[in-house]
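Below is one structure, written out as structure tokens, with a few remarks after it.
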Amino acid sequence: MMSRFSSLWITIVIVLVLTSCVSAEERLNNKFDTLPEVESTLIYEYTDVFSGATGQCHGTFLVRWFGTDLDAETVSKLYSDGFSEKGWIIRPEEVVEIWSIEGDHGLYRTRPSVFVDPTGISQEQGSYRLPDSVFRELPRYRTVYLISMTYSSSSVAKRCFGK
Amino acid sequence: MSYNMWNYGYGNPVKYTDPTGHSVQDPLTATQWSLAKQEAIRFGIPKELVAGTLAAEIVYDEDFINTIYDVSTAVVGGIADLAFMFRDRTTRNLCYQLLEGFHEYFGLAPWLENKGIGYGSAPGIANMHAGAAVRTEEYINSIYPDQGLMPDLGLDNHPGVRLQTLLTDEGGIRYAAGYLRQYADLRKGTTKDHTNDLSDIDMIIIYTVYRCSIEGCYGDLQGFQTAQVPAADGSPHDFSVFLDLYKKKP
């Protein structure tokens, strides 16, 4: 009787946990919706998990490539101003300009990269490769930029990034 | 960062005695040092980059507990099997998050790689991440196809095969060297030998990527390539103490 009762509780807990959590990818998509709005066209999107060889710092990242007729300086300013207004910060220990914000369940980090010359963009992007069709499309725009955003759970973020 | 590389005996006085609090003992055995040197030559990168990275890994990364290997794999495997009874991606990602907790605690989740998520670490000397190992194989085999640099495992093999290789000093160090070579190529934008063209700063940046990946540390490839100055606050970004140690070795 006790055993059956315990099994029922375990099943209930598992079902509750499985149905109540939000995926990392969904969190990133939701967070992207809160970013500053800039008039541009979404060219390419890529998502994957990231991890160094040691596995200590890991999470999920989402990259979106955009093309626009705006100049690079305007794009950069729109994002910088927008991030500040929405509570994102650049922590002093960052090696490069990465904006961070803490959410309910983890840490989000994002970085806009703006290209003045779209013809100089590398097709190899480290952990992924831009498809040929996307790569050919880049020079059509005056300015190309990408927004990369990572999400790490609170426990990983604390261990990896110190907060 | 929560680490302090200047802690007494690197925070582990049992493994690394430091009577004066100022000296540094070599964490690598003679065999490991020899393998590090051998693989550095094979992959055309400085020996102190490979040896220093491995040494830092041994000193800093104390999360893997070898004795519970069997227990952890059974637990993680069971959850993964349960998780993948649910076929929609949202639920899978949810299970992946649940497994993060186990990964954090046990430091091992090879089944996720088997399920196509590319996740899970392995406890070799280099503590080479299983997913990172696959990407290293893909990169080295595509860029340097005729040089026989990586173990002949084949990408279709069960992750357990790769894991067994990563568990050995020879396999783990070779994969680590391959991983470092991949980022040396990206860092310098060329596929030539890097033995003589990497500066200390280049090596520290590559070492940082080894620990937390391009996306984790720099946001994207552009961030990685524009990062000229590593953190100067004594964080693990700076492994100059290891560089100094291994530069003095023959």
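Line by line, the protein sequences give chains A and B. Residue numbering for the first sequence follows the working numbering, starting at 1 and increasing by one per position. Residue numbering for the second sequence follows the working numbering, starting at 1001 and increasing by one per position. For each residue, glycine too, the CB sits at the ideal point set by N, CA and C.
Does DSSP put residue i in a helix, a strand or coil?
i	result
A/R91	coil
A/E102	strand
A/E45	strand
B/G1216	helix
B/R1174	helix
B/R1087	Model confidence at B/R1087 stands at a pLDDT of 48, short of 50, so the residue's coordinates are unreliable; what they give is reported in the following sentence. DSSP places B/R1087 in coil when its eight states are reduced to three.
B/F1242	helix
A/T54	coil
A/V38	coil
A/S174	It is not possible to answer for residue 174 of chain A, since the shown part of chain A is limited to 1 through 163.
A/T150	strand
A/S127	coil
B/G1052	helix
B/G1148	coil
Quick one: is residue i near chain B, going by C-beta distance under 9 Å?
i	result
A/E102	no
A/L146	yes
A/T165	Because chain A spans 1 through 163 in this model, residue 165 of chain A falls outside it and cannot be assessed.
A/G67	no
A/S152	yes
Could you list which residues in chain A have their beta carbon closer than 8 Å to that of residue i, in chain order?
i	result
B/D1220	V63, R111, S113, Q125, G126, L146, S148
B/T1168	In chain order: nothing, as chain A lies at least about 16 Å away.
Measure from the C-beta of residue i to each C-beta in chain A and report whether the shortest distance is under 9 Å.
i	result
B/R1042	no
B/Y1179	yes
B/A1030	no
B/R1174	no
B/A1036	no
So which residues of chain B does residue i contact, with C-beta pairs closer than 9 Å?
i	result
A/F50	C1212, S1213, I1214, E1215, G1216
Residues of chain B with a CB under 8 Å from the CB of residue i: which are they?
i	result
A/I98	Y1218, G1219, G1223
A/G120	In chain order: nothing, as chain B lies at least about 11 Å away.
Quick one: list the residues of chain A neighbouring residue i, beta-carbon separation under 7 Å, in chain order.
i	result
B/L1186	G126
B/T1226	V96
Task: the stretch 87-99 of chain A contacting the stretch 1216-1228 of chain B, beta-carbon criterion three pairs below 8 Å - done: They touch, by the three-pair rule.
Open item on the list: Quick test of the definition: if touching needs 3 or more C-beta pairs under 8 Å, does the stretch 1035-1050 of chain B touch the stretch 1165-1174 of chain B?
Closed with: Contact between the stretch 1035-1050 of chain B and the stretch 1165-1174 of chain B is present: three or more C-beta pairs spanning the two stretches fall below 8 Å.
Open item on the list: To be precise: take each residue of the stretch 1190-1219 of chain B, compare its Cβ to all Cβ atoms of chain A, and keep it if any distance is under 9 Å. Which residues remain?
Closed with: Only I1205, T1208, V1209, Y1210, R1211, C1212, S1213, I1214, E1215, G1216, C1217, Y1218, G1219 from the stretch 1190-1219 of chain B bring a Cβ to less than 9 Å from some Cβ of chain A.
Task: At least 3 beta-carbon pairs within less than 8 Å: the stretch 1174-1189 of chain B vs the stretch 102-118 of chain A - done: The stretch 1174-1189 of chain B is not in contact with the stretch 102-118 of chain A.
- [ ] Give the residues from the stretch 73-94 of chain A that approach chain B closer than 8 Å (Cβ to any Cβ), ordered along the chain.
- [x] Flagged, chain order: E93.
- [ ] Specify whether the stretch 1039-1050 of chain B and the stretch 1194-1214 of chain B touch according to this definition: at least 3 beta carbon pairs, one from each stretch, less than 8 Å apart.
- [x] Under the three-pair Cβ rule at 8 Å, the stretch 1039-1050 of chain B counts as touching the stretch 1194-1214 of chain B.
Open item on the list: Does the stretch 20-37 of chain A come into contact with the stretch 134-149 of chain A, if we say contact requires no fewer than three beta-carbon pairs (one atom in each stretch) closer than 8 Å?
Closed with: When Cβ pairs closer than 8 Å are counted between the two stretches, the stretch 20-37 of chain A is seen to touch the stretch 134-149 of chain A, the count reaching three or more.
TODO: Examine the Cβ distances between the stretch 38-45 of chain A and the stretch 125-145 of chain A and report whether three or more of them are shorter than 8 Å.
DONE: The stretch 38-45 of chain A, when compared against the stretch 125-145 of chain A, does touch it at the 8 Å Cβ threshold.
TODO: Output, in sequence order along the chain, the residues in the stretch 1044-1058 of chain B whose CB is closer than 7 Å to any CB in chain A.
DONE: Taking 7 Å as the Cβ-Cβ cut-off against chain A, the residues of the stretch 1044-1058 of chain B that qualify are E1057.
Open item on the list: With three or more beta-carbon pairs closer than 8 Å as the criterion, would you say the stretch 123-131 of chain A touches the stretch 1208-1222 of chain B?
Closed with: With the cut-off at 8 Å, the stretch 123-131 of chain A and the stretch 1208-1222 of chain B touch.
Open item on the list: Check whether the stretch 1238-1249 of chain B and the stretch 1201-1211 of chain B are in contact - that is, three or more C-beta pairs closer than 8 Å.
Closed with: The stretch 1238-1249 of chain B, when compared against the stretch 1201-1211 of chain B, does touch it at the 8 Å Cβ threshold.
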